[in-house]
Structures are given as C-alpha cells and as structure tokens.
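Have a look at the structure below, then the notes.
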C-alpha cells in the first residue's frame, strides 16, 4: 500500500539526480554568466526567464541541483557517521559512558541548531566545505538516539551473546553483528537527514551564506528578494524544484520507514 | 512539591548547558581566521585601534587561554554580553528590546500549530485508512517538505501583492495608531509571518498527533472505556486526548530551539522586528559579538522552555517524575 511512495520518490529523485550529473549538458547557458537582458519574464529562448543581472534562471536551477544534492548527501553521511558512532558506543557499553553520551546528544538537541549553523558558517566563511561541516555537526542527534535504542535491545539477543562467547572483540561485535541488524530503521531516519540538510543549506544560502563560486537554489531565491514582487519567476521556480527534491526524499524515507517497521502499518482504531 | 523537585533537577542541567554554550561561543571566536579582537569588532571597518585595544582589555585577550575563558564566562553570568561595535551599544540592551516581538511571533505560531495540527492528527488517526486520513496526511507531508522562506514569499505574492488583503512586512502600519486600533494593526501584521512559521510545525504535530493517537486507541484502557459504555466523545476527551497530548508537549519543548531558527528566516522575510531579524542584520554586517549574544540568549530561552514543558508534562501525567 505504501510502495507507491518509494516509487514516486525514487523516480522524482532519480530525475533530479540525472539533472545534477548532466548539468553542463542540459543547461542552455552558463549559470554564472550574463546571457541575456535582465529581468526577462519566461519566454521561448529563456524558458524560465532571467534574473537581475541577465543570468538564465533555468540554467541556474539545473546547476543548483548539484549543490543541494552534494550538501544533502555528504552532510547526511557525515552526520550518520557521528550518530552511529555515538549511539552504538552509548547503547553497547551502557553505564557511565552511556549517561555521558546521552547528555552530549541532548545538548546538541536543545541548542538553537540553525543559529549555531549560521554562526559556524559565518565565522568559517561560507564554502561548500564549511556549510556541509556545520550542517553535519547539528543534524546527527536523531540518528544517535535511534542507534542507541536499537543497540540496547539487540545487545541482549542470543546471537550477540554467541558472538561474544566466541571471543570476538567489542569492535567486531558492534560492527559485524549488531550494526547490520540496526541499519534498516537508521536508513529511514538517515534519508530524512538528507532532506533536512538540503533545506538547511537552502535556508543558509537564502540568508546570503552561500558558496560564492556555485549557484544554489536558496541563493537564487534570496538574491532575488529586492525584485520578487515584480519578477515572480525568480523565486517561484527554484523554490518549486527545492520543494520537489525535499518531497521526493521525504516520500522515499516514509516508504522505507514503513517497510522496516511493518507493525506501524495499517494500525487503526475504529 | 513535585514541581520543586522538577525545578531542582532542571537547574544544574540548565546551568551546565549554558556554561557549555558559553565555552562554545568562546572557542567559536577563536575558530575565526584572524585576531579575536578584530573578529569581535566585526571585521571590516573596525580598524580603529582604540576599539581593538578596548576589546583586548575587556576580554583579557593578553592573558592565558583558561583565564580568558573564565573572564568570558564571568561576563556572561552577569549578562554582560559585550558591546556591538557596529551599533555602539550594549548587546544585552539591543537583544532585550527585540525579544517581545519574537516571543509574540513564535508563541502564536507554535500554539496554533500544536492545536490545529494535533486535532487534525487525532482526526486522521480516528479515520485511519479513509479519505480523511489520506487528505490530512498528504497535506501535512506537503507542508513538511515546503521550504519556510519560499512559503513566506509565495504568501506575500498571493495575499499582499495580488489580493492586497494582508500587509507584507513590519509590525505596524506607516500611520501610527493607538489603543485598540494599534493592537488590531499589530494582529493584522502578525497573520502572514505566523502562517509561514506555523505551516512546518503544523505538519510535525499532525504526524505526531496521528501516531500517538493510533497507539493510544489500541490500548486496553480505551477498549475498557468503550466497553463500559462511554460515548465516543467521552472516550476521546478523557482517555485519548490526555494521553496523546504528552508526546506533543514533549516535542514542543524540544522544538523551541528550532522555532527560534525558523524565526531568523521568517523575521528576515517579513522584516519582523525580533531577534531573528536582528541576527540576520548582524550577519549581514558581520557583527559577531551580536550574533554570539543572540545565540546565548536563544539558548537561555530554550532552557527555560524545557523547564516549562517539563512542568506541563508533570501536571498532565502525574506518573512522570514519581520515583
């Protein structure tokens, strides 16, 4: 019943990914270069119009997919790395280590994370690296909590006991025995991290904290703010693509989540 | 008495978080390329040697690192957040003036999102699997995936530029009003920013309300309540709502930090005169001391909100915190 979400999400995300990879081939103009008169509404030669400087909006959108997807994917991977490490160690070892790591996780959960990201990026100066790094630092807590709770239940199972009695080291029990079994729900939450990271990057670049050498959707919308009342195409189209990207990932994540946790499916109380 | 215990448990944790944020701020300044004194002065245009010297003295930048950290924390403890060299004023004063506007915006948005979102979520759970559920869940998912700043701009285009119903920015009209008219004017200006900020959180509470209710509806006490002949309304009111609300309140507490982040976006879109807009302006002018101050004050607001939610959960569910 929920597999349509995975289908629609995958097709949509697939198209956007192809667009990002083949950007130089697909884009009609150089996204950073002046290619026509400024503020031209959508027409036959500039399908989605031009911006204040005469740059082609469609080309900017096609190239902007690269920043969104790279930042989304890399931040999600890094934050999954942090979250899995913290959660696995906390859940596996328990005791004082667990308590300390839970506090540590809680700290990152309560701080005003977007303000922290703004601070980090502003201080490190905006670049693809600093943006990705700052986002990874704040979005990992949900992964850590999830991995910890999975480890708490899995570590008491027989196959883990068996592995331990065979004399496997803590490291290999964690990585080879428990982690693979904890992965399905982590995958669902991890894919949602991609969406969070993409939205955060877009918000940052909307506020002007964008890598100056690359076009990004948030930056396109943000920089068009002084004229957006008249030149609606400058904010509507890039925003629509951003929305579709996030929607496709959310659909995928929900589909994966339902699949990995069938007990939540179809529960109804009439 | 329970509330006193809650407070006693909260205080040391809150202090720990604030000290950690203070230290984080302290090291962030040192992370920036260049001399910390010129970072605090706000990079460009702050070449005035007198200011740099003044900063160096007040932050003790010529002393060893641990002593500098101690000085920094001591200043924070007395709410001395330093001076914004751009605005030539105390950071604490600037932020203090802006807090009421942010509180008005964020609390209105959060309360609306919680009430409407949770009620729709409960409705979706009661009608799970029907078209009502599908419509509510799909709408929530669309709201969840929509970038906040984009919604804001679209709403301005639709409701102010084209329809001309709502004012697109600010907190009051150009002609100053007084008394009741002024309140109405502020409310009128509040509609768009609140709608924008509330949409995302609304989606969160629909999902949370739905999943919590689906779970509660399957419990034994609901079956017993139905079996003893309570009407559906009574079951919902007395048993389902009370239990579904607990995760909602807990989530609200966790989200205050995020909400303040959302305020940065929404306030900068709508020129709402709160600390979010202030953070945006400070960012544009690279006024680091002011941004650090805003981050610290926001953290205090988050920590206070955690206490409030903890007390709220305890009063809804007496079992919490009883050992």
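Protein chains in written order, with the numbering used here: chain D, 28 to 297; chain C, 4 to 326. From the three backbone atoms N, C-alpha and C, an ideal C-beta is built for every residue, glycine too.
Under 7 angstroms by beta carbon: chain D residues contacting residue i
| i | result |
| --- | --- |
| residue 23/C | 134 |
| residue 273/C | The contacting residues do not exist; residue 273/C stays about 11 angstroms from chain D at best. |
| residue 298/C | 139, 142, 143, 146 |
| residue 260/C | 137, 138, 139, 140 |
Proximal residues of chain C, C-beta to C-beta of residue i below 9 angstroms
| i | result |
| --- | --- |
| residue 283/D | Simply none; closest approach about 15 angstroms. |
| residue 277/D | 144, 147, 148 |
| residue 248/D | 150, 152, 153, 156 |
Inter-residue spacing [alpha-carbon to alpha-carbon] between residue i and residue j
| i | j | result |
| --- | --- | --- |
| residue 252/C | residue 245/C | 11 angstroms |
| residue 271/C | residue 173/D | 34 angstroms |
| residue 167/D | residue 221/D | 11 angstroms |
| residue 170/D | residue 190/D | 25 angstroms |
| residue 91/C | residue 43/C | 13 angstroms |
| residue 93/D | residue 236/D | 17 angstroms |
| residue 271/D | residue 195/D | 46 angstroms |
| residue 90/D | residue 224/D | 18 angstroms |
| residue 71/C | residue 63/C | 6 angstroms |
| residue 233/D | residue 254/C | 27 angstroms |
Chain C within 9 angstroms of residue i, Cβ atoms only
| i | result |
| --- | --- |
| residue 103/D | no |
| residue 171/D | no |
| residue 138/D | yes |
| residue 31/D | no |
| residue 274/D | yes |
| residue 167/D | no |
| residue 162/D | no |
| residue 266/D | yes |
| residue 34/D | no |
| residue 130/D | yes |
| residue 152/D | yes |
Status (buried if at least 16 other CB within 10 Å, exposed otherwise) for residue i
| i | result |
| --- | --- |
| residue 3/C | One cannot answer for residue 3/C here, as it falls past the ends of chain C, which runs 4 to 326. |
| residue 177/C | exposed |
| residue 231/C | exposed |
| residue 260/D | buried |
Neighbouring residues, chain D, relative to residue i (Cβ below 8 angstroms)
| i | result |
| --- | --- |
| residue 246/C | Within 8 angstroms Cβ-Cβ: nothing; residue 246/C doesn't reach chain D, min ~12 angstroms. |
| residue 263/C | 139, 141, 142 |
| residue 287/C | 235 |
| residue 283/C | 234 |
Nearest candidate by alpha-carbon position, reference residue i, set the options
| i | options | result |
| --- | --- | --- |
| residue 99/C | 308/C, 18/C, 276/C | 276/C |
| residue 262/C | 167/C, 232/C, 304/C | 304/C |
| residue 244/D | 54/D, 57/D, 84/D, 65/D | 84/D |
| residue 147/C | 30/D, 281/D, 54/D | 281/D |
| residue 255/D | 221/C, 35/C, 159/C | 159/C |
| residue 202/D | 156/D, 103/D, 112/D, 46/D | 112/D |
Any chain D beta carbon closer than 9 angstroms to residue i
| i | result |
| --- | --- |
| residue 167/C | no |
| residue 309/C | yes |
| residue 36/C | yes |
| residue 144/C | yes |
| residue 301/C | yes |
| residue 138/C | no |
| residue 19/C | yes |
Listed by chain order, chain C residues near residue i by CB distance under 7 angstroms
| i | result |
| --- | --- |
| residue 229/D | 150 |
| residue 120/D | By Cβ distance, chain C contributes nothing, its closest Cβ being about 22 angstroms from residue 120/D, past 7 angstroms. |
Check: residue i C-beta below 8 angstroms from any heavy atom of the ligand FAD
| i | result |
| --- | --- |
| residue 134/C | This structure simply doesn't include the ligand FAD, nor any ligand for that matter. |
Chain-ordered chain D contacts of residue i [CB-CB under 9 angstroms]
| i | result |
| --- | --- |
| residue 205/C | Correct list: empty, because the minimum Cβ distance to chain D is about 15 angstroms. |
| residue 69/C | None at all; the shortest Cβ gap to chain D is about 21 angstroms. |
| residue 160/C | 255, 256, 259, 262, 263 |
| residue 134/C | Those do not exist, as residue 134/C stays about 14 angstroms from chain D at its closest Cβ, beyond 9 angstroms. |
| residue 268/C | 141, 230, 233, 234 |
| residue 257/C | 136, 137 |
| residue 305/C | 137, 138, 139 |
Beta-carbon neighbours of residue i, restricted to chain C and to distances below 8 angstroms
| i | result |
| --- | --- |
| residue 149/D | 286, 289, 291, 294 |
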